[in-house]
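Taking it in order: structure first as structure tokens, then the write-up.
In UniProt numbering, the protein residues as written are 1 to 513.
Below you can see the structure in the form of structure tokens.
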């Protein structure tokens, strides 16, 4: 929503908005000169008298601003309808899928920008190198993240539809996987006769769904039958700093070795050096037989190798030079809250990740495991009661690469509680189906910070995981641990546990505000 406001503002449209509380996104649009009301009240609509009111899928019919807008006869548009309007007149590239759409759409935007195409983009997360999720470029491309959560992505009219995967999610809206798949088929059909579907070919069922539309389909993935195949993966050992250069097959890789895996001590290597452990070099073989070398240095993990392959496939469909596209992609700095480095304290590295579906969690922890930290400590905040209930079994085995797991209370995201469903539901599932010995339930504002201060040790990787306000925990932990370390080194009279407990209380107050 903030990205839409920014792009409209950049196009000279008079824009205002409202949100329930302050956030980075609110501050960004205010700094751009857009009026934002905090809280939802009917008087905001009376004050502005807008022609069009754009709402997100999180806004219920009972919202006072929505009710007042309808009373005044204002046009009410879902987010995706405005996305479609903003993309009109440009070549629209829409990225959909249960997982990976934010990162993939960010990669495509970055790639096009570094190739000098100056695309407009609207994405559900911040693109790190630009510090924003929306920008109105002057080029001929419009890149958007297509949100399937309520089916409103069917307003879009993409020239290229990229689909990363389809799984059972948002079942509060769809009811079952079959309905999810039917809606995705309708989305893919929107590309029309002249368009193209770029689809993850590692799922035959997904490919069959795409072909059922009768549209042009190209596939990407690890499967040899794909049109764009990632045939070679090479993860450099811990401590190897890989140059982000891209050459055609047979040319120099320009890697610079700084340490060997055996000599690396996790307590002595910073996060960037750890992340070099999976600074992946990949060779993509196209259906023509031509090969492209890519170095991917941001957002680690096998899943992001797949996402990068989708980007090269998209570049080729657009008629761009794939080798220049690969070179541009190597400059991608990542998507915010996608394995984002928060900081380090006392030899403990803190990372924040948005993933909240079992498949996303598995991918994040697999990437974390390859970084060779001593332990992985994960704090997971379930997102929505309906998802927790529907996917409890899958959550049970999603955390197997974690050494220590803390599960918090559920972030409701506007849902009403479901009796018997809580963070404890996932803890019970992990104990039944998973392989994490140290797992416990602790509400986020009732002792979790204090417990982390006791449990985390030098050499650990702490991951705050989830789509809710779990993101505040990382900075609070760093501050609390730093105070603890300072108090200890200064031989103060304060007990270490007391320092952490004080910070926990302050963190709770901050979250309430």
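No residue lacks a Cβ here, since even glycine has one placed at the ideal position from N, Cα and C.
For residue i: DSSP bridge partner residues
i, result
"residue 464", "352, 379"
"residue 343", "350"
"residue 16", "35"
"residue 200", "220"
"residue 155", "Paired residues: none, contrary to the question."
"residue 93", "143, 160"
"residue 365", "BP columns for residue 365 are empty, so no partner."
Per-residue burial, residue i [other beta carbons within 10 Å of its own, 16 or more giving buried]
i, result
"residue 268", "For residue 268, the pLDDT reaches just 43, beneath the cut-off of 50, and the residue's location in the model is therefore unreliable, although a value from the coordinates is still provided. It counts as exposed."
"residue 47", "exposed"
"residue 357", "buried"
"residue 393", "exposed"
"residue 176", "exposed"
"residue 360", "buried"
"residue 178", "exposed"
"residue 92", "buried"
"residue 465", "buried"
"residue 12", "exposed"
"residue 67", "exposed"
"residue 194", "exposed"
"residue 27", "exposed"
"residue 306", "buried"
"residue 371", "buried"
"residue 159", "buried"
"residue 136", "buried"
"residue 290", "exposed"
"residue 75", "exposed"
"residue 61", "exposed"
"residue 183", "buried"
"residue 321", "exposed"
"residue 125", "buried"
"residue 297", "buried"
Rounded C-alpha distance that separates residue i from residue j
i, j, result
"residue 18", "residue 39", "6 Å"
"residue 10", "residue 120", "11 Å"
"residue 449", "residue 90", "48 Å"
"residue 380", "residue 295", "30 Å"
"residue 70", "residue 59", "14 Å"
"residue 83", "residue 486", "49 Å"
"residue 317", "residue 25", "33 Å"
"residue 367", "residue 283", "19 Å"
"residue 251", "residue 117", "In this prediction, residue 251 scores a pLDDT of 28, lower than 50, which makes its location untrustworthy; no coordinate-derived value is stated."
"residue 228", "residue 453", "46 Å"
"residue 446", "residue 20", "24 Å"
"residue 101", "residue 417", "28 Å"
"residue 383", "residue 477", "21 Å"
"residue 30", "residue 208", "46 Å"
"residue 225", "residue 204", "10 Å"
"residue 199", "residue 99", "13 Å"
"residue 192", "residue 374", "51 Å"
"residue 6", "residue 173", "29 Å"
"residue 57", "residue 292", "40 Å"
"residue 266", "residue 462", "Summary for residue 266: the model assigns pLDDT 37, below 50, so the residue's position carries little reliability; its value from the coordinates is reported in the next sentence. Roughly 13 Å separates the two Cα atoms."
"residue 212", "residue 149", "22 Å"
"residue 230", "residue 483", "46 Å"
"residue 81", "residue 95", "16 Å"
"residue 185", "residue 400", "33 Å"
"residue 460", "residue 472", "19 Å"
"residue 451", "residue 365", "21 Å"
"residue 339", "residue 72", "44 Å"
"residue 288", "residue 42", "59 Å"
8 Å contact criterion, which residue i and residue j should meet: CB distance rounded
i, j, result
"residue 405", "residue 436", "5 Å"
"residue 481", "residue 346", "6 Å"
"residue 458", "residue 348", "6 Å"
"residue 206", "residue 161", "Not quite, the Cβ-Cβ distance comes to about 13 Å (not below 8 Å), so this is no contact."
"residue 363", "residue 303", "4 Å"
"residue 442", "residue 470", "That pair is no contact at about 12 Å."
Cβ pair residue i, residue j closer than 8 Å
i, j, result
"residue 221", "residue 134", "no"
"residue 223", "residue 201", "yes"
"residue 332", "residue 105", "no"
"residue 79", "residue 54", "yes"
"residue 334", "residue 35", "no"
"residue 86", "residue 142", "yes"
"residue 403", "residue 352", "no"
"residue 408", "residue 420", "no"
"residue 555", "residue 163", "This structure gives no information on residue 555, because the portion of the chain shown stretches from 1 to 513."
"residue 378", "residue 410", "no"
"residue 325", "residue 315", "yes"
"residue 397", "residue 434", "yes"
"residue 440", "residue 415", "no"
is_contact[residue i, chain B] using C-beta, thresh 8 Å
i, result
"residue 482", "This model lacks chain B altogether; it includes just one protein chain."
Residue i: CB within 7 Å of a non-hydrogen atom of the ligand FMN
i, result
"residue 59", "For the structure depicted, the ligand FMN is absent and the ligand set is empty, with no information on it obtainable."
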